[in-house]
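If you read the sequence shown in our numbering, its first letter stands for residue 364, the second for the next number, and so on. For each residue, glycine too, the CB sits at the ideal point set by N, CA and C.
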Amino acid sequence: MISALRGQCPGPLDERAGVADSSGVTTAEHVAPGVRLIALPLPLALKVVNVYLVEGDRGWTLVDTGLHTPEAERALRTGLAATGVGMADLQRVFVTHLHPDHLGMAGTLRAVGAEIVMHRPELAMARGIWAADHHLIDATYTWFERHGMPPDVDLGMRAAWIAMADGVDPFEPVRTVEDGGAVDLGGRTATAIWTPGHTDHHAVLFEAATATLFAGDHVLPRITSNVGLYPYSRDDPLGDFLAALEKMKTLGVKRVLPAHGDPFDDCHGRVDEILAHHATRLEDTLAAIGPGRDAYAICRTLFPRLRSAHEERFALAETLAHLRYLERRGTVRASSGRPVRWNVISGAVPGEPD
Ligand SMILES: [Zn+2]
Numbered sequence: 364m365i366s367a368l369r370g371q372c373p374g375p376l377d378e379r380a381g382v383a384d385s386s387g388v389t390t391a392e393h394v395a396p397g398v399r400l401i402a403l404p405l406p407l408a409l410k411v412v413n414v415y416l417v418e419g420d421r422g423w424t425l426v427d428t429g430l431h432t433p434e435a436e437r438a439l440r441t442g443l444a445a446t447g448v449g450m451a452d453l454q455r456v457f458v459t460h461l462h463p464d465h466l467g468m469a470g471t472l473r474a475v476g477a478e479i480v481m482h483r484p485e486l487a488m489a490r491g492i493w494a495a496d497h498h499l500i501d502a503t504y505t506w507f508e509r510h511g512m513p514p515d516v517d518l519g520m521r522a523a524w525i526a527m528a529d530g531v532d533p534f535e536p537v538r539t540v541e542d543g544g545a546v547d548l549g550g551r552t553a554t555a556i557w558t559p560g561h562t563d564h565h566a567v568l569f570e571a572a573t574a575t576l577f578a579g580d581h582v583l584p585r586i587t588s589n590v591g592l593y594p595y596s597r598d599d600p601l602g603d604f605l606a607a608l609e610k611m612k613t614l615g616v617k618r619v620l621p622a623h624g625d626p627f628d629d630c631h632g633r634v635d636e637i638l639a640h641h642a643t644r645l646e647d648t649l650a651a652i653g654p655g656r657d658a659y660a661i662c663r664t665l666f667p668r669l670r671s672a673h674e675e676r677f678a679l680a681e682t683l684a685h686l687r688y689l690e691r692r693g694t695v696r697a698s699s700g701r702p703v704r705w706n707v708i709s710g711a712v713p714g715e716p717d
């Protein structure tokens, strides 16, 4: 399996490969005890996001919400109706992270009566990312310029990101939960677990009674989620992500409900594949550095085909996350100039056997 991963198209953009089986499905498919999957369309390279409808003795809960487009709202209504549920019947909505395909429709569901719940620091970051003045998006524009992104590509990146805000409802007020806190799923109890990496404060839900993991974008079946370094990120998102993957192996998960791709059972095995994928990506990053190249040049070696402004962003942020991981372990060094240039200090990838 590791060798298969080595041959895989590199990328945050392997996400395309996951487009998948559930595309177009708007019925609610039973995927775990009392849990139904509703697949919602996305107008992106990644075509579908899964939301999960949880039936409890004391009401209905939804996990994640989809990007707010007319098509997705229609698909959500259809999927709920297939179970005899209306939007106003949803008691609670848990949002795993701030990305628009997860948070997008939360405000609409709140407006018809659902309580929205998020990991506390992820809500704080959501307020920053989706702020009307776009200050974090502008900070990223400046940061990408320092890392060698051409101005026209950078401008396109900024515009495409700002355009995503159209699919995100005003989402306040939101009730917050801490890492390790309980989330009531209509009489069923799940634990919110901080799983940083894909975003700084992404959280999964684990229902111990059924050993079910509502994985958000943390553990995906055939694609790897994008892990990026941004000017406002935690210091080492890839280090965070790998540690948070290891944590999943300790929970005794028997069923994984991912936000993209089909539900699956072998959490442990899939985590090991993703860990191996990033070990390979670190080797490839090191090999691509050359003498004093900037991160954008390294990125274009790792990701030669980028087909949209969103892909440009994911690819450069992912490259920077791998460079930062290596930097923090003493393997590479960044110059202080403009653009920032990277050099290898020692050829070994930390944690890899000789
Ligand atoms: Zn995401």
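Span of the alpha helix (DSSP H) around residue i
i: Met-481; result: Here Met-481 belongs to no alpha helix (DSSP H); instead the beta strand (DSSP E) covers 478-482.
i: Arg-521; result: 514-527
i: Phe-604; result: 600-611
i: Ala-502; result: 498-509
i: Leu-645; result: 630-652
i: Arg-704; result: Taken as a continuous stretch (DSSP letters only), Arg-704 belongs to no alpha helix (DSSP H), being part of the beta strand (DSSP E) at 704-707.
Residues near residue i in its chain [Cβ-Cβ closer than 8 Å; skip 5 each side]
i: Pro-514; result: Glu-508
i: Met-468; result: Thr-428, Gly-429, Leu-430, His-431, Ala-435, Glu-436, Leu-439 and Asp-532
C-alpha gap between residue i and residue j, whole angstroms
i: Ala-474; j: Val-703; result: 46 Å
i: Glu-646; j: Ile-500; result: 30 Å
i: Val-707; j: Thr-682; result: 15 Å
i: Ser-709; j: Asp-599; result: 19 Å
i: Val-417; j: His-465; result: 16 Å
i: Lys-610; j: Asp-580; result: 15 Å
i: His-462; j: Ala-528; result: 10 Å
i: Ala-680; j: Leu-686; result: 10 Å
i: Val-546; j: Ala-697; result: 42 Å
i: Ala-553; j: Gly-511; result: 44 Å
i: Glu-478; j: Gly-397; result: 20 Å
i: Thr-389; j: Leu-403; result: Any answer about Thr-389 is weak, because its pLDDT of 49 lies below 50 and its placement is not dependable; what the coordinates show is given next. Each residue's alpha carbon lies about 7 Å from the other.
Contact check, residue i vs residue j, beta carbons under 9 Å
i: Phe-577; j: Leu-614; result: no
i: Gly-549; j: Arg-421; result: yes
i: Val-456; j: Thr-505; result: no
i: Ala-495; j: Leu-443; result: no
i: Ala-555; j: His-482; result: yes
i: Arg-551; j: Val-480; result: no
i: Lys-617; j: Asp-628; result: yes
Own chain, CB closer than 7 Å to residue i, minus 5 neighbours either side, in chain order
i: Ala-651; result: Ile-661, Thr-664 and Leu-665
i: Arg-597; result: Pro-559, Asp-563 and Asp-603
i: Val-394; result: Leu-400, Leu-620 and Pro-626
i: Ala-451; result: Val-475 and Gly-476
i: Leu-669; result: Glu-675 and Ala-678
i: Arg-701; result: Arg-509
Strand pairing of residue i, partner residues [DSSP]
i: Phe-457; result: Val-426 and Val-480
i: Val-398; result: Ala-395 and Val-417
i: Ala-556; result: Correcting the residue type first, residue 556 is Ile in the shown sequence and not Ala. Ile-556 pairs with Val-567.
i: Trp-493; result: Answer is none; Trp-493 lacks a bridge partner.
i: Leu-576; result: Phe-569 and Val-619
i: Thr-432; result: According to DSSP, Thr-432 bridges with nothing at all.
i: Arg-538; result: Val-480
i: Leu-403; result: Val-412
Extent of the continuous beta strand (DSSP E) to which residue i belongs
i: Gly-419; result: 411-419
i: Ala-545; result: 545-548
i: Arg-696; result: 695-697
Residue i Cβ short of 8 Å to ligand 2 heavy atom set
i: His-431; result: No copy of ligand 2 occurs in the structure displayed; its ligands are ligand 1 alone.
Contacts around residue i, its chain only, beta-carbon distance under 6 Å, and the 5 residues preceding and following it disregarded
i: Pro-484; result: His-564
i: Met-689; result: The question names Met, yet the displayed sequence has Leu at residue 689. Val-695.
i: Gly-519; result: Ala-672
i: Val-448; result: Trp-423
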